[in-house]
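Participant: Going by mature numbering (1 follows the signal peptide of the UniProt record, and there is no 0), the letters in the sequence shown line up with residues -23 to -1, 1 to 140, in that order. All C-beta atoms, glycine included, are put in the ideal place defined by N, C-alpha and C.
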Amino acid sequence: MRQMLFGLAAAVAALTGTCAAWGQEAAKRGEYLVSIMDCGGCHTPGIFLGKPDMERFLGGSEVGFQIPGLGIFYPPNLTPDPETGLGQWSEADIIRAVRNGVRPDGRQLAPVMPYQSYSKLTDADAKALAGYLRSLKPVKNQVPAITGASEKPTAPYLAVVMP
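Written as structure tokens, this is what we have:
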């Protein structure tokens, strides 16, 4: 009996170590994906003003994108802050938004978000990405609200101007 318990304990320890190693590997993969997908290139405060605030990495942008006929959209906070970020979103919610461009409330994301390209993520990569975002330090940062096409903006935005 003692040998059996020792063997069971050894198996549990080995499995726990394997799970921990897999978790670390997934976190590294998620961080890598955030880097090559350039999430910080839109979702980091100050990025469009030439002064990225890396203390609030992925905390959302104060500068939006104007999409003619639709309005102005501000890249949201991707950190797990429960009030201003993804803290209330599940892993499945994050994956659905990244792959399909649909928020948990059913709203379609702005077309400037390249979810069409990200729809090709493997299941493992999508989970690694979501897990990494959920592991970040929460940043409390409320980005400006979406401004409709006929509304007056209250925050800066980027626009394409035809000559």
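Let me confirm a value: Ile71 is counted as buried when at least 16 other C-beta atoms fall within 10 Å, else exposed. Which label applies?
Facilitator: buried
Participant: Per DSSP, which one or two residues make a beta bridge with Arg65?
Facilitator: Before going on, a small fix: residue 65 reads as Gln here, not Arg. Partner(s): none; Gln65 has no beta bridge.
Participant: Reducing DSSP to helix, strand and coil, say where Ile72 ends up.
Facilitator: Helix.
Participant: Please list the terminal residues of the continuous alpha helix (DSSP H) segment that includes Gln93.
Facilitator: Tyr92 to Tyr95
Participant: Suppose the cutoff is 6 Å on Cβ atoms and the five residues either side in sequence are ignored; what does the same chain contact list for Thr61 look like?
Facilitator: Asn54, Lys117, Asn118 and Gln119
Participant: Could you give the distance in angstroms between the alpha-carbon of Trp(-2) and the alpha-carbon of Glu128?
Facilitator: Per-residue confidence for Trp(-2) stands at a pLDDT of 48, beneath the threshold of 50, marking its modelled position as unreliable; the derived number appears in the next sentence. Roughly 48 Å between the two C-alpha positions.
Participant: Examine the Cβ distances between the segment 96 to 108 and the segment 70 to 87 and report whether three or more of them are shorter than 8 Å.
Facilitator: yes
Participant: Output needed for Glu8: all residues of its chain with C-beta closer than 8 Å, excluding positions within five of it in sequence on either side, in chain order.
Facilitator: Tyr109
Participant: State the DSSP-derived secondary structure class of Thr(-6), mapped to helix, strand or coil.
Facilitator: With a pLDDT of 46 at Thr(-6), under the threshold of 50, the modelled position of that residue is not reliable, and the figure given next carries that caveat. Here Thr(-6) sits in helix by DSSP.
Participant: Compute the Euclidean distance between the alpha carbons of Val83 and Gly125, then round it to the nearest angstrom.
Facilitator: Looking at the sequence itself, residue 83 is Gly, so the reference to Val does not match. Taking C-alpha positions only, Gly83 is separated from Gly125 by approximately 18 Å.
Participant: Any chance you could list the alpha helix (DSSP H) runs of at least 4 consecutive residues sitting entirely within the segment 23 to 48, in chain order?
Facilitator: none
Participant: Assuming Trp66 contacts Pro81 (C-beta within less than 8 Å), just tell me the rounded distance between them.
Facilitator: 6 Å
Participant: Go ahead and pull the three-state DSSP assignment for Leu135.
Facilitator: Here Leu135 sits in strand by DSSP.
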